[in-house]
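K.L.:
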Ligand SMILES: [Zn+2]
């Protein structure tokens, strides 16, 4: 085996390893993204107005909604600390 051939093989091997590593990395990212999207979907629309049952994605929107739609209703305690 010539030195040149060996180094070519070594490079080819490195390339394969790097491709496998990348594939593994991408699969991991895909898995993580999927999980994040799932979590985000689950986290979205979790604030339900106690008065009209409208669902909102975040406490800020909820508080703004509450203050504009139900000004006479006392603010739920979980919204007291929210900076709207
Ligand atoms: Zn409401």
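In full-length UniProt numbering, the protein residues as written are 1 to 84. We put the CB at the ideal spot given by N, CA and C, even for glycine.
Which class does residue 83 belong to by DSSP, given the choice of helix, strand or coil?
P.N.:
Taking the first residue of the chain shown as 1, we reach residue 83 at position 83. Reduced to three states, the DSSP call for residue 83 is coil.
K.L.:
Cβ of residue 69 within 7 Å of any heavy atom in ligand 1?
P.N.:
For the purposes of this step, residue 69 is taken as the residue at position 69 of the chain shown. Correct: residue 69 has its Cβ closer than 7 Å to ligand 1.
K.L.:
Reducing DSSP to helix, strand and coil, say where residue 54 ends up.
P.N.:
By 1-based counting over the chain shown, the position of residue 54 is 54. Coil at residue 54, not helix or strand.
K.L.:
Taking 7 Å as the cut-off, is the beta-carbon of residue 54 closer than that to any non-hydrogen atom of ligand 1?
P.N.:
The residue you call residue 54 lines up with position 54 of the chain shown. Yes, the beta carbon of residue 54 sits closer than 7 Å to at least one heavy atom of ligand 1.
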